[in-house]
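This report refers to the structure that appears directly beneath it.
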Amino acid sequence: MFRISTQMISERAVTAMLNQQNKVANTQLQLSTGRRVLTAADDPTSAARVLDLSGAVETVRQYLNNADRAQARLDTEEGVLVGVTNLLQRTNELAVQGNNDTLTQSDRIAVAAEVRQLQDELFSLANTRGSNGEYIFAGYQSNTRPFSFDAGSYSYDGDLGNRKLQISADRQIADGNNGYEVFMDVPRGPIATVVSTAVLAPVPPATTWDTPINAGEITIDGGNGSGTVSLGAIPAAASAEERAQQIRDAINAVSTETGVTAVNDTTTTVELTAIGGNGITIGLSGAADTTTTGLTAGTTPPTTTRQSMFDTLNQLATELENGNSVDRYIADVQLALENIFTIHTSVGARLNAIDEQNEVNRDIELVLETHLSEEQDLDYTEAISRFERQMVALQAAQQAYVKVQGLSLFNYL
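Residues 1169 to 1581 in my numbering are what the sequence shown lists, from first letter to last.
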């Protein structure tokens, strides 16, 4: 027969109490944290699953955070683009107003002054900062002021990069546009330039600028569907400069039909602009030839150039101040508006893409959090019931220990 000593009974009772106390303490910790799995030892399989799900949730939340940052930056850019659009529309109104022949030179100078104010405003918009203090049009160099003005010239000091942020496992979104593509690399209307070098020096009267040109001896076709249009008669000129002005005025007199306008870039240079972006075909006959007009018969293909919006506004103001036609710059402003519209559309598309991806990411986040909760969160009803049972068991163990400790043979003597 196995003999049970008083010491053994005591040790077993203490061990039983300690086990119950550990169970109670573990359940109390679960109740206080709301977590079923506190250590990997509690449930190794669930612990590994919790680790994977937690990492997936954090990744999705980072995507959402990146999307919020991109959205804030794009919202700022969109606001700037709206401001630039309004500015260019006002510039177009002023250009049309200043091109009116009924205006005095003083009126044109006043219009030019407002254009220069808009030029300064454009410069300010191009150097806009976001809510975090970064320049939104500087490309990757977001802490560098992108545009500067020195010695009458504007320059871009940012880079050509567009920063991208990850908004899903396989999707990145550009959070802006660099200033070069927005403000500097803007298309201009195709132009053809003819330099009237043949009339710079006196030559025999029959073949130079003092030769009258009959109506129909110069024709223009601007490729706009109106066909060949004849210029009116041009009287004899007193100088090469006057002949260049006569050619300019004759071309502009039919510009509504041809879509071609002319300006004198220098005193003896006539620059033709096809507003519709087509080639220009010039026909010469009779007394009209290169020596008497400075023009060259034939077709000049359109040459598309690009320049900054700042230069366009500056040149527009200069031509208004000089009293010249600004048809060409009206076309340039329209092309600048088209460039802004294209970029604005791109920004809108990216904002829509962010909204759509955010919806997907939030759904994924919800699913992952649900699975994570199933793995690690505590069932409070079950835990409270278990806690109460464990407390009863602990109390019973303590009371049994007290009674066992009180046993002694001396009680029976």
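Glycine residues also receive a C-beta, built at the ideal position from the N, C-alpha and C atoms.
This one's a predicted model, so the numbers in the text were calculated from it and none came from an experiment.
Item                                                                                                                        : Value
Ala1342 - DSSP class collapsed to helix/strand/coil                                                                         : strand
Limits of the alpha helix (DSSP H) - the one that Leu1328 falls within                                                      : Neither: Leu1328 is in no alpha helix (DSSP H) and is coded neither H nor E.
Asp1389, buried or exposed, once every other Cβ within 10 Å from all chains shown has been counted against 16               : buried
Burial state of Met1176, where buried means 16 or more other Cβ atoms lie within 10 Å                                       : exposed
Length-filtered (4 minimum) alpha helix (DSSP H) runs lying within the region 1407-1443                                     : 1408-1421, 1423-1426
Residues that DSSP places opposite Asp1318 in a beta bridge                                                                 : Ser1321
Same chain, Cβ closer than 8 Å to Tyr1497, five either side skipped, listed in chain order                                  : Ala1263, Thr1480, Gln1483, Leu1484, Glu1487
Completely contained alpha helix (DSSP H) runs for the region 1254-1318, where each covers 4 or more residues               : 1273-1294
6 Å CB neighbourhood of Pro1373 in its chain, flanking five on each side removed                                            : Only weak support is given to the placement of Pro1373: the predicted model assigns it a pLDDT of 40, under 50, and the question is left unresolved by the model.
Backbone secondary structure at Val1182 - three-state DSSP                                                                  : helix
Nearest residue (CA-CA) to Ala1337, options Val1225, Ala1456, Thr1272, Asn1345                                              : Val1225
Bounding residues of the alpha helix (DSSP H) (the contiguous stretch that carries Ile1402)                                 : That residue, Ile1402, is in no alpha helix (DSSP H); it is neither H nor E in DSSP.
For Thr1124, the three-state DSSP class (helix, strand or coil)                                                             : This structure does not reach residue 1124, given that the chain is present from 1169 up to 1581, and the question cannot be answered.
Per-residue burial, Ala1499 [other beta carbons within 10 Å of its own, 16 or more giving buried]                           : buried
Buried or exposed by the 16-neighbour rule on C-beta atoms within 10 Å, applied to Thr1467                                  : exposed
Beta-bridge partners of Ser1222, as assigned by DSSP                                                                        : None; Ser1222 has no bridge partner.
Rounded Cβ spacing between Arg1229 and Glu1533 (contact assumed at less than 8 Å)                                           : 7 Å
Integer-rounded CB distance, given that Ile1335 should sit under 8 Å from Ala1235                                           : 5 Å
Rounded C-alpha distance that separates Gln1189 from Leu1519                                                                : 57 Å
Paired residues, beta bridge with Leu1452 - DSSP                                                                            : Ile1386
Three-state secondary structure assigned by DSSP to Thr1467                                                                 : strand
DSSP three-state assignment for Glu1527, whether helix, strand or coil                                                      : helix
Cut-off 7 Å between Cβ atoms - residues of its own chain near Tyr1231, not counting five sequence neighbours on either side : Gln1334, Ile1335, Ser1336, Asn1529
When Ala1405, Asn1300, Ala1281 are compared against Ala1240, the one with the closest alpha-carbon                          : Asn1300
Simplified DSSP assignment, three categories, for Val1354                                                                   : strand
Residue of Arg1411, Ile1450, Ser1398 minimising C-alpha distance to Glu1425                                                 : Ser1398
Local Cβ density within 10 Å of Val1560, reported as buried at 16 or more and exposed below that                            : exposed
Host alpha helix (DSSP H) of Glu1349 (start-end)                                                                            : Taken as a continuous stretch (DSSP letters only), Glu1349 belongs to no alpha helix (DSSP H), as it is neither H nor E.
Proximity below 8 Å, CB of Ile1511 to CB of Asn1345                                                                         : yes
Val1494, DSSP secondary structure in three states                                                                           : coil
Buried or exposed (CB count within 10 angstroms, at least 16 for buried), Gln1567                                           : exposed
Closest Cα partner of Thr1538 within the set Gly1266, Val1218, Pro1314, Arg1180                                             : Val1218
Asp1275 versus Gly1454: straight-line alpha-carbon distance, rounded                                                        : 41 Å
Buried or exposed by the 16-neighbour rule on C-beta atoms within 10 Å, applied to Val1252                                  : buried
Other residues of its chain near Thr1429: CB distance less than 8 Å, five sequence neighbours each side excluded            : Ile1419, Asn1420, Ser1423, Leu1440, Thr1441, Ile1443, Ser1493, Asp1495, Arg1496
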